[in-house]
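The opening position of the sequence shown corresponds to residue 35 in this note's numbering, with each subsequent residue numbered one higher.
For glycine and all other residues, C-beta sits at the position ideal for the given N, C-alpha and C.
Keep in mind that this is a model prediction, so the values were computed, not measured.
Take a look at the structure set out below.
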Amino acid sequence: MVKNVNFYNNVYIIIILFILDRISKIWAIKHLILQTKKHIFLIFNLFYIKNFGIAFNLLEYYAKYYQYILIIINIIITCILIYYIYKKNPYNIEYLYILNGAIGNILDRIYYGFIIDFIDISIQNNHIIIFNISDISIMIGILIFIINKII
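Structure below.
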C-alpha cells in the first residue's frame with residue numbers, strides 16, 4: 035500500500051514538473067533576451083539559448099541537418115519507456131521522471147525546432163551547464179535509478 039501512495043505522489047510531482055517546464059519555457063521565450071545573461075545569485079543565472087543539439091548541446095552544428103532523425107529517436111525512446119513503465123513495472127518511478135523530461139524536450143523540438151534551455155550555472159563568464167526543468171526531471175530519474183541499483 036505504501037508503494038501505491040509513493041507512486042501516486044510521484045505522479046503528482048511529475049505533473050507539476052511538466053507544467054512548470056512548459057510555463058518556464060514560455061516565460062523564458064517571452065522575457066529573456068537570447069544569449070544574454072541575467073544574474074540571479076552566486077553561480078546561478080538565467081541565460082536563454084536555443085539548443086539544437088542533443089544532451090548538453092552536443093552536436094549542435096550537426097543537429098540542424100538531423101532534426102527529424104533526432105525527433106524520431108526521441109519518440110522511439112519515449113515509446114520504449116512507456117512500454118516498460120506500463121507493461122513491465124509501473125512502480126519504477128525513475129522511468130516516469132525520465133519520461134516526463136523526454137516528453138518536455140520532444141515537445142520543444144517538434145514545436146520550436148530546438149530545445150529551450152535557460153537555467154545557467156556559470157562561474158564568471160564561463161558557462162558550466164545550461165539546462166531546463168525537463169533536464170532536471172531526467173536527472174532526478176537517473177539519480178533514483180542509480181540509488182536503486184546501489185541499494
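Restricting attention to S168, H161 and I83, the CA atom closest to the CA of I63 is found in I83. By the C-beta density criterion, I103 is exposed, having fewer than 16 other C-beta atoms within 10 angstroms. Cβ-Cβ distances below 8 Å link L68 to Y82, I83 and K84 in the same chain, with the five nearest sequence neighbours on each side left out; the list follows chain order.
DSSP, read as helix, strand or coil, puts F179 in helix. Looking at the DSSP output, N160 sits in a beta bridge with I157. With a 10 Å radius around the Cβ and a threshold of 16 neighbouring Cβ atoms, K121 comes out exposed. Just so you know, the alpha carbons of I77 and L115 end up roughly 34 Å apart. If you check the CB distance, N134 and I48 come in under 7 Å. Boundaries of the beta strand (DSSP E) harbouring I74: K72 to F75, taken from the DSSP string. A direct Cα-to-Cα measurement between I176 and K183 gives close to 11 Å. Secondary structure of I185 (DSSP, three-state): coil.
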